[in-house]
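Q: My questions all concern the structure below.
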Amino acid sequence: MITLPGQIAKKLTKALRDELGDALPRDFCATVTVSQDLRYGDYQSNEAMVLAKVARRNPRELAQAVVAKLGDMTEAEVSLAGPGFINFRIKSEKYVECLMDMLRDERLGVPLVECPQKIVIDFSAPNVAKPMHVGHIRSTIIGDTLARLARFMGHTVITDNHIGDWGTQFGMILWGWKNLVDQAALEQHPIEVLLTTYKEVNKRCKEQPELLEACKSELVRLQSGDPDNLAIWKRCIEVTKTGLKKIYDQLDIHFDYWLGESFYNDALAPLVKDLMARGIARESEGAVCVFSDGFHAPQDDPFLVNKDGEWQPVPAIIRKADGGFLYATTDLATLDYRIREFQADSIWYVVGAPQEKHFKQIFDIARMRDITGDFRHVAFGSILGKDRRPFKTRDGETVSLQDVIDEAIERAARVVQEKSPDMPTDEKDAVAEAVGIGAIKFAELSQNRLSDYIFDWDKMLSLSGDTAPYLQNSYVRVRAIERKSGIPDFSVFLSDRACIRLSEDREINLAHALCRFAEVVPATLDDCRPNLLTAYLYDLARAFHSFYEACPVLRSEDSVRFSRLALCELTARVLKLGMSLLGIRMLERM
Ligand code: ARG
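Residues in the sequence shown are numbered from 1290 upward in steps of one, following our numbering.
See below:
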């Protein structure tokens, strides 16, 4: 199936080719975008203006010629505006056709990708014995949504939680484990206990230098394979994983693999050797480093930085002078493994923006080694408190993800209690959980991921505005209308009887919004920008509400009633499927 703007773009491409001939690049494909101002049309294209420059023609005259070549289109009325915009107003019979197709299609019109890929998505990846803080929320939630979207589009997706399970923190943890940890408490709250242990030892080390030495020697013993320390280390990872899995289950987020940093330990020494043998890495002041190979212009070279007008080297260090390996070394081995063992075409790393240089270097070293693939750093900004400073608890601690989840559910429970005091307690709890977790996820996903965003409880739990509760509530309202219609099974009813007619403006508006689902989902994945989908769902819900205010559904007669009920049903289905791609549950009542 091909989307409406897709069909138009195809015809527009042909008209441009007819008009411009060889002046048009061979693989040219016209783009058609949704109009900012619906008064002029539903979609528009500025191709004539762009191409007029290349073809040295007057833009408006070129646009006119193209419109003439397009002739009468089955999809849309075509018109010309300004210096050469071409506007398309979709014909209402075309919307009817699109909506009828959607009614019969589980995918609601969203086409599968033509070239499915194998994509590894690396996300969440917290560090053992360090808190999974709100910064990890972003990675966890964005990564999960990308995985859901990519799978839905027909890609093969492997989700891999690359946890930090091999770092210098284990020196302190080992000492703390042997001298401080209360095993019973550990069983109960593994993540918290490991964290407080780490913090406590860290604090003591600052006061007692000899303790720091003791921790270091614990670390050395671990690294050289001491069985006792290895056993404790394994236990730490186990309890951490158990704790994390509880959180992930609550968030309905799952990983295919948990190949943490330690998984690659044995691959590091041979990898460094190989890079040296191939002349990609070399020794520098005792360490082994990768320097620029001059492939890029200096301003695009991740191994150079400009200092006072001069380009200076910033090598990637892959082995320290003391023989230890680094984060970068592990990431090189990880990339290898994913290409070789998983046969990945693409690897997407959902990691905060501060690691930009790290990933640029990793991807560039892959190029030096002739390893090809679509490698993306899906970066994101930080979460700030209302005071625009990093989001912290009242006593200045980093906020733990579990605390955020608990508080969201608690606050949602208050909203539910107010709104539906008579609901049975079990149902209230389930609603609070879906609303609370939905609110966190939606607030996260509706941000432009690259900007910092302000964490605001009141806003994210509000029943109005672009929030999960607003959309969940919209869905509940649609379902309530359907229940009142007295029709027992909507899917049967619709496949038998429905015939959509569109006459009112607000019906056409809603039809436009519904049909756009098929374009928005692929675009959201292409740019790894979940906020395109959240904004779309909010627009759809608003289009529904204004339709419902102006166009009586249950009080209409016969065919109009059927048609409007079909619009309700499609709205419900798009809302539900769209939110499920964001990992957010819809409720039948709330
Ligand atoms: N553990 C790292 C951190 O918390 C994130 C790991 C991201 N993935 C990767 N392949 N480097 O910063």
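Built from N, CA and C at the ideal position, the CB exists for glycine as well.
By Cβ distance below 6 Å, which residues in the same chain neighbour Asp1433 in space, the five residues on each side in sequence not counted?
A: Within the sequence shown, residue 1433 is the residue found at index 144, counting from 1. For Asp1433, where only same-chain residues beyond five positions count, the Cβ hits under 6 Å are Ile1542, Gly1872.
Q: Using a 10 Å radius around the Cβ and a threshold of 16 neighbouring Cβ atoms, would you call Ala1605 buried or exposed?
A: Taking the first residue of the sequence shown as position 1, residue 1605 is located at position 316. Buried: at least 16 other Cβ atoms inside 10 Å.
Q: Buried or exposed for Pro1415, please, with buried defined as at least 16 other CB atoms from any protein chain shown within 10 angstroms of its CB.
A: For the purposes of this step, residue 1415 is taken as residue 126 along the sequence shown, with counting starting at 1. It counts as buried.
Q: Examine the ligand ARG and report whether any of its heavy atoms sits within less than 7 Å of the Cβ of Tyr1638.
A: Indexing the sequence shown from 1 puts residue 1638 at position 349. The answer is yes for Tyr1638.
Q: Would Leu1826 and Ala1812 be called neighbours here (beta carbons separated by less than 8 Å)?
A: Your numbering for residue 1826 matches position 537 in the sequence shown. Your numbering for residue 1812 matches position 523 in the sequence shown. Not in contact: Leu1826 and Ala1812 (Cβ atoms no closer than 8 Å).
Q: Considering Cα atoms alone, identify which of Glu1686, Val1704, Ala1830 is closest to Pro1420.
A: As a position in the sequence shown, residue 1420 is number 131, starting the count at 1. Cα-wise, what sits closest to Pro1420 is Glu1686.
Q: Looking at the structure shown, is Asp1582 part of a helix, part of a strand, or coil, going by DSSP?
A: Position 293 of the sequence shown, counted from the start, is the residue given in the question as residue 1582. Here Asp1582 sits in coil by DSSP.
Q: With hydrogens ignored, establish whether the beta-carbon of Pro1415 is closer than 7 Å to any heavy atom of the ligand ARG.
A: Looking up residue 1415 in the sequence shown gives position 126. It does: the Cβ of Pro1415 is within 7 Å (strictly closer) of some heavy atom of the ligand ARG.
Q: To the nearest angstrom, report how far apart Ile1526 and Val1417 are at their CA atoms.
A: Position 237 of the sequence shown, counted from the first residue, corresponds to residue 1526. Position 128 of the sequence shown, counted from the first residue, corresponds to residue 1417. Answer to the nearest angstrom: the Cα atoms are 7 Å apart.
Q: Are the beta-carbon atoms belonging to Lys1300 and Leu1359 less than 8 Å from one another?
A: Working through the sequence shown from its first residue, we reach residue 1300 at position 11. Working through the sequence shown from its first residue, we reach residue 1359 at position 70. Yes, they are a contact pair.
Q: Per DSSP, Ser1573 forms a beta bridge with which residues?
A: By 1-based counting over the sequence shown, the position of residue 1573 is 284. Beta-bridge pairing links Ser1573 to Ala1576.
Q: With 16 as the cutoff for other CB atoms within 10 Å, does Lys1717 come out buried or exposed?
A: The count along the sequence shown starts at 1 and reaches residue 1717 at position 428. Classification for Lys1717: buried.
Q: Can you tell me which of the three DSSP states His1543 falls into?
A: As a first step, residue 1543 must be located in the sequence shown, where it is residue number 254. In this structure, His1543 counts as coil in the three-state DSSP scheme.
Q: Expressed to the nearest angstrom, what Euclidean distance is found between the alpha-carbon atoms of Thr1646 and Leu1438?
A: As a first step, residue 1646 must be located in the sequence shown, where it is residue number 357. As a first step, residue 1438 must be located in the sequence shown, where it is residue number 149. Reading the sequence as shown, one finds Lys at residue 1646 and not Thr. Roughly 27 Å separates the two Cα atoms.
Q: At what residue ranges does the segment 1733-1779 contain a whole run of the alpha helix (DSSP H), taking only runs of 4 or more?
A: The segment 1733-1779 contains these whole alpha helix (DSSP H) runs: 1746-1749, 1757-1773.
Q: Around the Cβ of Val1720, are there at least 16 other Cβ atoms within 10 angstroms (buried) or fewer (exposed)?
A: Within the sequence shown, numbered from 1, the residue matching residue 1720 stands at position 431. When all chains shown are included, Val1720 counts as buried.
Q: Consider the C-beta atom of Gly1453 and the heavy atoms of the ligand ARG; say whether any pair is separated by less than 7 Å.
A: Counting from 1 along the sequence shown, the entry for residue 1453 is found at position 164. Because some heavy atom of the ligand ARG lies under 7 Å away, the Cβ of Gly1453 counts as near it: yes.
Q: For the ligand ARG, I want to know if Asp1625 counts as a neighbour, meaning its beta carbon is within less than 7 Å of at least one of the ligand's heavy atoms.
A: For this step, residue 1625 is matched to residue 336 along the sequence shown. No - the ligand ARG has no heavy atom lying nearer than 7 Å to the Cβ of Asp1625.
Q: Just list the residues that DSSP pairs Trp1912 with in beta bridges.
A: No statement about residue 1912 is possible, as the shown extent of the chain runs from 1290 to 1879 and does not include it.
Q: Where does Ile1726 sit, in a helix, a strand or coil, going by DSSP?
A: If you number the sequence shown from 1, residue 1726 lands on position 437. Three-state DSSP puts Ile1726 in a helix.
Q: Is the number of C-beta pairs between the segment 1692-1710 and the segment 1855-1864 that are closer than 8 Å three or more?
A: Short answer: they don't touch.
Q: Starting from Asp1692, trace the alpha helix (DSSP H) both ways and give me its first and last residue.
A: The sequence position of residue 1692 within the sequence shown is 403, counting from 1. Where Asp1692 is concerned, the enclosing alpha helix (DSSP H) stretches over 1690-1708.
Q: Exposed or buried, Ala1610, counting other C-beta atoms within 10 Å across all chains shown (16 or more means buried)?
A: By one-based count along the sequence shown, residue 1610 stands at place 321. Classification for Ala1610: exposed.
Q: Using a threshold of 8 Å, state whether the C-beta atoms of Glu1336 and Thr1320 are closer than that.
A: Indexing the sequence shown from 1 puts residue 1336 at position 47. Indexing the sequence shown from 1 puts residue 1320 at position 31. Result yes, Cβ atoms of Glu1336 and Thr1320 sit closer than 8 Å.
Q: Can you list, in chain order, the residues of its chain with a C-beta nearer than 7 Å to that of Ser1753? Leave out the 5 residues immediately preceding and following it.
A: As a position in the sequence shown, residue 1753 is number 464, starting the count at 1. Contacts found: Tyr1759.
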